[in-house]
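Data block below; observations after.
There are 2 protein chains.
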Amino acid sequence: MSATNPEVLASWRPGAVRDAVTAFLDAAQDVPVVDRVAFFDNDGTLWCERPSYVQLDFFIDALRRHVADNPSADQPAEFTALLSGDNAAVAAIGLERIGAALAGLFNGLTPQDFTAQVRTFMATATHPSGRPLRSVTYQPMLELLDELRRRDFTIGIVTGGGTEFVRAISDDLYAVAAELVVGTLIDYEFTRDEQDRPVLRRTSTMLGHANEGPAKVTNIQTQLGRRPILAAGNSGGDREMLEWAMATEGPSLALLIDHDDAEREYQYASTAASFAEIEPITDVGTRLGWTIVSMARDWDAVFAPQSSPRK
Amino acid sequence: MSATNPEVLASWRPGAVRDAVTAFLDAAQDVPVVDRVAFFDNDGTLWCERPSYVQLDFFIDALRRHVADNPSADQPAEFTALLSGDNAAVAAIGLERIGAALAGLFNGLTPQDFTAQVRTFMATATHPSGRPLRSVTYQPMLELLDELRRRDFTIGIVTGGGTEFVRAISDDLYAVAAELVVGTLIDYEFTRDEQDRPVLRRTSTMLGHANEGPAKVTNIQTQLGRRPILAAGNSGGDREMLEWAMATEGPSLALLIDHDDAEREYQYASTAASFAEIEPITDVGTRLGWTIVSMARDWDAVFAPQSSPRK
Chain A
975 MSATNPEVLA SWRPGAVRDA VTAFLDAAQD VPVVDRVAFF DNDGTLWCER
1025 PSYVQLDFFI DALRRHVADN PSADQPAEFT ALLSGDNAAV AAIGLERIGA
1075 ALAGLFNGLT PQDFTAQVRT FMATATHPSG RPLRSVTYQP MLELLDELRR
1125 RDFTIGIVTG GGTEFVRAIS DDLYAVAAEL VVGTLIDYEF TRDEQDRPVL
1175 RRTSTMLGHA NEGPAKVTNI QTQLGRRPIL AAGNSGGDRE MLEWAMATEG
1225 PSLALLIDHD DAEREYQYAS TAASFAEIEP ITDVGTRLGW TIVSMARDWD
1275 AVFAPQSSPR K
Chain B
975 MSATNPEVLA SWRPGAVRDA VTAFLDAAQD VPVVDRVAFF DNDGTLWCER
1025 PSYVQLDFFI DALRRHVADN PSADQPAEFT ALLSGDNAAV AAIGLERIGA
1075 ALAGLFNGLT PQDFTAQVRT FMATATHPSG RPLRSVTYQP MLELLDELRR
1125 RDFTIGIVTG GGTEFVRAIS DDLYAVAAEL VVGTLIDYEF TRDEQDRPVL
1175 RRTSTMLGHA NEGPAKVTNI QTQLGRRPIL AAGNSGGDRE MLEWAMATEG
1225 PSLALLIDHD DAEREYQYAS TAASFAEIEP ITDVGTRLGW TIVSMARDWD
1275 AVFAPQSSPR K
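If you're matching them up, the sequences are chains A and B in order. Quick note: the first sequence uses the numbering used here, first residue 975, plus one each step. Quick note: the second sequence uses the numbering used here, first residue 975, plus one each step.
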């Protein structure tokens, strides 16, 4: 099986980036199967994160239903700011308080109920472009997942998004099992029903830190216990994970998706980190030897066909 | 493929317990593959936990090497109590302080170095019976793992032991990948070397609670995100996990290993929980409809052949 077969990675245009990917795939044939590990960021790497995160769309949808069901109730400031689309008010309140208020909407749900809510939303929601939200995945990345799987790679998703949100769609969209999704975690409470049978209830307490930056690497170690030789991301929150893959011995690949395609997707720059550094992440990647994927130049198609669930 | 084939579960003697296991396996053929999930406790369920936990043997071995390397140093009370085998002194100090002192022995190690230490120990250490420690696994349970895998089950290990300790041996002994091992977790620190490359260093801080009792269920949800329809254990620390499996709709099986074989292994009773309840766990299991496996009655062989790594 050779990566130079034109049917493989069909949506990747010929050029230096496609060559780097296929060279890595060929070199990885000599890596023991247990070490063939590839971890992918989700938002902006496997699917579109603009104009808003899909998970935020889901939260806002749940919030609208909550308010419709409780029309007379006084809504907290976090909710009125969000529903009015008042970005200045949202910024003034701060993401931490906004996030906690939104997490509270799902307080007490069982894991099954939360998953069902996500799947119901994803079955019908659409992107502002009119495309179903479940098909804002990137076709070239799906082809890469397929090819890695054919080559006996273990594939995981390491996301800043909610673990349970991404698990609800990961099998369907990416054929990635729940245990290979690591994200930002909300804790569960062990309770019992009237028949004394165990029931898990969602809390609104975050477990550990948000899964961004160095936390992506420590969480990979504690939750998955395997080290990637391929890591893919698109923002400063992925930097340490990509460096972690590149610092292995033997073949490795760090893929950085550059959103430079205003025509077919969006054009925006990510900085190395939202707090301290302001170096564009593409400059960091160039300095560190990453493979920088230009959506405009390297991808023949951007989005997956609209009616192609993965399984 | 039928579980009644005599080659399957060959070390399980005919009888009610074997019938219950094969009936479950047959019924599970109608369960969607994504829901075919089986989680196993490790100590006392997949391998022998007497006269001492294998992980404690490893810790004591590391402690002996530490003291030999630092002969002139004043040793803390935790270490002298452990090395003298003074169980009363160990009990007086308390397991929490003992555990923290032992975890400190590995402070600063990289994941690779810790794994290498475990594997070096396991390659040569022996059980008091003379049997290599790597073959104190139970042959009937290995056959069950094989049969579940043939039937497309996802198999995980949910242990009170250290996650990283069990991951170092899970692929070799059980063909279970690291991401499907959930145990008691020690945190890692993200650091950088002189070349500014990322390095993970082990701390001695426990992440969350010890993985016992209700924590086994919440950790299954947060770390694996899948619910078992088969759970196996041998002590009060497994009670909630077994109840969690039994409370699913559709076919389910809760297996409780009863250590009642003084001749071939050990004879001891576990209580429902170490703190509050004193009901024997076998009584709890009988009341709750679990399948109670008598090692003396139901197993034709106890231990795996001494020279049979799983892969």
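Quick reminder that beta carbons are idealized off the backbone N, C-alpha and C, glycines included. As the structure is a computational prediction, the values presented were derived from the model and not from experiment.
Shown here for Arg1175 of chain A: same chain residues with a beta carbon closer than 6 Å to its own, the five before and five after excluded, namely Gly1082, Glu1163 and Thr1165 in chain order.
When C-beta distances to chain B are compared with 7 Å, the residues of the segment 1210-1226 of chain A below that value are Glu1214, Glu1217, Trp1218 and Ala1221, in chain order. When DSSP assignments are scanned along the segment 986-1018 of chain B, the uninterrupted stretches of alpha helix (DSSP H) that are 4 or more residues long and fall wholly within it turn out to be 990-1001. For the segment 1189-1212 of chain A, the set of positions with a beta-carbon nearer than 7 Å to some beta-carbon of chain B reads Val1191, Thr1192, Gln1195, Thr1196, Gln1197, Leu1198, Gly1199 and Arg1200 in chain order. From the beta-carbon of Asp1161 of chain B, the residues of chain A found nearer than 8 Å are Thr1192 and Thr1196. In this structure, Met1269 of chain A lies near Glu1239 of chain A, with their beta-carbon atoms less than 8 Å apart.
Look at Arg987 of chain A: its C-beta is not under 8 Å from any C-beta on chain B.
Along the segment 1072-1093 of chain B, the positions whose C-beta sits under 8 Å from a C-beta of chain A are Pro1085, read in chain order. For Phe1164 of chain B, the neighbours in chain A by C-beta distance under 7 Å run, in chain order, Pro1188, Val1191, Thr1192 and Glu1214. Shown here, Leu983 of chain A sits in coil according to DSSP, grouped into three states, outside any helix or strand. Shortest Cα-Cα distance from Asp1087 of chain A to any of A:Leu1020, A:Glu1138, A:Asp1009 and A:His1233 involves A:Glu1138.
In the displayed model, Gln1241 of chain B falls within a strand according to three-state DSSP. Burial is judged here by how many other beta carbons sit within 10 angstroms of a residue's own beta carbon; Leu1057 of chain B has fewer than 16 and is exposed. Between the alpha carbons of Ala1097 of chain B and Gln1241 of chain A lies a gap of roughly 55 Å. Runs of the beta strand (DSSP E) lying entirely within the segment 1111-1187 of chain B, each at least 3 residues long, are 1128-1136, 1155-1166 and 1172-1181 in chain order.
At a cut-off of 8 Å between beta-carbon atoms, Asp1009 of chain B makes no contact with chain A.
Among the CB atoms of chain A, one or more fall inside 8 Å of the CB of Asp1145 of chain B. The residue among A:Thr1019, A:His1040, A:Thr1158 and A:Ala994 with its C-alpha nearest the C-alpha of Glu1070 of chain A is A:Thr1158. Taking CB atoms only, Leu1174 of chain B has a neighbour in chain A less than 8 Å away. Taking 8 Å as the cut-off, the Cβ atoms of Val1007 of chain B and Asp1120 of chain B do not count as close.
In the three-state DSSP reduction, Leu1204 of chain A falls in the strand class (E or B). Where Thr1094 of chain B is concerned, the enclosing alpha helix (DSSP H) starts and stops at Pro1085 to Thr1098.
Ile1266 of chain B places its beta carbon less than 8 Å from that of Thr1260 of chain B.
For Pro1102 of chain B, same chain residues with a beta-carbon under 8 Å away, outside a window of 5 residues either side, are Pro1025 in chain order.
Within its own chain, the residues whose Cβ lies closer than 7 Å to the Cβ of Ala1184 of chain B, once the five positions on either side in sequence are excluded, are Gly1134 and Thr1158, listed in chain order. Below the 8 Å Cβ cutoff, chain A contributes Thr1128, Gly1130, Glu1153, Leu1154, Gln1197, Leu1198, Gly1199 and Arg1200 as neighbours of Glu1153 of chain B, in chain order. Cβ atoms of Ile1131 of chain A and Tyr1112 of chain A stay farther apart than 8 Å, at about 13 Å. The C-beta of Glu1138 of chain B comes closer than 8 Å to at least one C-beta of chain A.
Pairing Asn1208 of chain A with Asp1015 of chain A gives a Cβ-Cβ distance under 8 Å. The alpha carbon of Leu1030 of chain A has as its nearest neighbour, out of A:Leu1079, A:Asp1272, A:Gly1199 and A:Ala990, the alpha carbon of A:Leu1079. Taking 8 Å as the threshold, the shortest C-beta distance from Arg1141 of chain A to chain B falls below it. The beta carbon of Arg1141 of chain B sits closer than 7 Å to those of Ala1152 and Val1155, all from its chain and outside the five residues before and after it, given in chain order.
Per the coordinates, the alpha-carbon of Trp986 of chain B lies some 9 Å from the alpha-carbon of Met1115 of chain B. Setting aside the 5 residues that flank it on each side, Pro1106 of chain B is surrounded in the same chain by Thr1100 and Gln1280, each with a C-beta closer than 7 Å to its C-beta; the list follows chain order. For Ile1034 of chain A, the enclosing alpha helix (DSSP H) has its first and last residue at Val1028 to Asp1043. A residue is called buried when at least 16 other Cβ atoms come within 10 angstroms of its Cβ; Arg1010 of chain A meets this threshold and is buried.
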